[in-house]
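Numbering (mature numbering (1 follows the signal peptide of the UniProt record, and there is no 0)), first residue to last: -27 to -1, 1 to 75.
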């Protein structure tokens, strides 16, 4: 499993857990709860640096301003060999409100 796939799976699991918590707390009285802002982070897949500026973040995420591209490796398979290249990816973020007990 690639690092990008692991990040994507971790993000999906976090969002499912947050939805479960929200469902359980929605039936409770609205007292003793606070809303905290949490920042979810991910990154784009490793691409050629020349096109990485054109690669958008996942839906609902924005590129982190002022952060440099990460140096990473991407691969191109040919009929006989697998070629490795140095590439770039971007950090992405999304802010969500999480209901917690106060």
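Note that beta-carbon positions come from the ideal geometry of N, C-alpha and C, so glycine has one too.
Owing to the predicted nature of the structure, the values given are computational and were not obtained by experimental measurement.
- For residue 26, the closest C-alpha among the options 13, 33 and 42 is that of 42.
- Around the beta carbon of residue 75, a 10 Å sphere encloses fewer than 16 other beta carbons of the protein chains shown; the residue is thus reported as exposed.
- The beta carbons of residue 47 and residue 20 sit closer together than 9 Å.
- Distance from the CA atom of residue 38 to the CA atom of residue 13, rounded to whole angstroms, is 15 Å.
- In the structure shown, residue 52 adopts coil according to DSSP, grouped into three states.
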